[in-house]
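Every number in our numbering is 3 more than the matching position in the sequence shown, counting from 1.
First up is the structure itself, then whatever we jot down about it.
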Amino acid sequence: MSRFTAHVQEAHGLPRWRQATTIAAEVTYGGPFWALKGVADLAGTDHVVAEVHREHIRLTQPSGRVIEFDKEPDVVTVTEPDGTVDRVEHPRATFAGFTAESRWSLPQAAYFQAYATWLYLIEAFVFTYPGVEIAELEPWIENGESWRVVRATFPRTIDAHSTTQLYYFNADGDLVRLDYEPDVNGGSPTAHYQPAHTTVDGAVVTTKHEIYIRNEDRTPDRSLMPITMDVADITLH
Numbered sequence: 004m005s006r007f008t009a010h011v012q013e014a015h016g017l018p019r020w021r022q023a024t025t026i027a028a029e030v031t032y033g034g035p036f037w038a039l040k041g042v043a044d045l046a047g048t049d050h051v052v053a054e055v056h057r058e059h060i061r062l063t064q065p066s067g068r069v070i071e072f073d074k075e076p077d078v079v080t081v082t083e084p085d086g087t088v089d090r091v092e093h094p095r096a097t098f099a100g101f102t103a104e105s106r107w108s109l110p111q112a113a114y115f116q117a118y119a120t121w122l123y124l125i126e127a128f129v130f131t132y133p134g135v136e137i138a139e140l141e142p143w144i145e146n147g148e149s150w151r152v153v154r155a156t157f158p159r160t161i162d163a164h165s166t167t168q169l170y171y172f173n174a175d176g177d178l179v180r181l182d183y184e185p186d187v188n189g190g191s192p193t194a195h196y197q198p199a200h201t202t203v204d205g206a207v208v209t210t211k212h213e214i215y216i217r218n219e220d221r222t223p224d225r226s227l228m229p230i231t232m233d234v235a236d237i238t239l240h
């Protein structure tokens, strides 16, 4: 780990993250993306519990529907209030040939929502996972600020949006932006902003996510915000 990534980890409360086993929160999903994918009822506020040291997450909707993704067996399940279970093994493989315009089944959308939320909740702590490779790139200037940029390359043991993702940090070490090209959405270039954070029991968590299409020059297309995510009532255990 470089001196800078060590600084980032400390700024995000690395000692507390190492001690924690789970993070729980009320997570509100918004934006037109869900309706465009044919799963409008995935927008709303879920009670989410994510494990910190492995990729496992459980989302409970107000209706009682439960979404669960566990990377170790590579299975996503959607359990309806009546007890009906839709179980899909190796969900990433079901997106083969999909484009950004493709509509999703409920289990596919649930998988996307689950693994993405897990990544956003544990933040830069994922850099400590085995097999994650980190390299610092040239700084990025945006709105008069200079942000340091880290490229994270993920092993097959972690489901992320894409094998490589860019993480942008301000002078205080706060994570302010992510860039990725989701495999499940036809590799659509994405600029993901994180304008608000909070500290919970020594650990820093982003509370506001604003997700845009990314232009070829790496700037965001702010004419539309396809996805929003707000995080509240956070606890670490």
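Yeah, the Cβ is synthetic: ideal placement off N, Cα and C, and Gly gets one too.
DSSP places F172 in the strand class (E or B) of the three-state scheme.
The DSSP assignment places complete alpha helix (DSSP H) segments of no fewer than 4 residues inside the stretch 72-132 at 109-125, in order along the chain. Taking the C-beta atoms as reference points, G34 is found no nearer than 7 Å to T193.
Contact annotation: P229 and F101 have beta-carbon atoms that are not nearer than 7 Å. A235 counts as exposed, since fewer than 16 other beta carbons sit within 10 angstroms of its beta carbon.
Secondary structure note for T8: its alpha helix (DSSP H) is the uninterrupted segment 6-14. Note on A112: 16 or more other CB atoms within 10 angstroms of its CB, so buried under the neighbour-count rule. Per DSSP, A199 is one residue of the beta strand (DSSP E) stretching across 193-203. At the C-beta level, T48 and E71 stay beyond 7 Å of one another. When secondary structure is reduced to three states using DSSP, L140 falls in the strand class. No Cβ-Cβ contact shorter than 7 Å links R68 with G205.
A straight-line Cα-Cα distance of about 5 Å links N188 and A103.
E29 is bridged by DSSP to H50, A235. A check of alpha carbon separations from T8 across I137, K211, A46 identifies I137 as the nearest. Within its own chain, the residues whose Cβ lies closer than 8 Å to the Cβ of E141, once the five positions on either side in sequence are excluded, are V152, listed in chain order.
Residue burial annotation: I144 is exposed, with fewer than 16 other C-beta atoms found within 10 angstroms of its C-beta. In the DSSP assignment, R21 falls within the unbroken alpha helix (DSSP H) covering 17-22. As computed with DSSP, A206 is found in a beta bridge with V203. Non-local C-beta neighbours of G134 in its own chain, meaning closer than 7 Å and more than five positions away in sequence, comprise P158, T160, ordered along the chain. With respect to A23, L227 sits apart: the two C-beta atoms are not nearer than 7 Å. For W121, the closest C-alpha among the options P65, R217, S5, H56 is that of H56. Going by C-alpha positions, E83 is about 12 Å away from L62.
A check of alpha carbon separations from A14 across K211, Y196, L178 identifies L178 as the nearest. Around the Cβ of P94, a 10 Å sphere holds 16 or more other Cβ atoms; the residue is buried.
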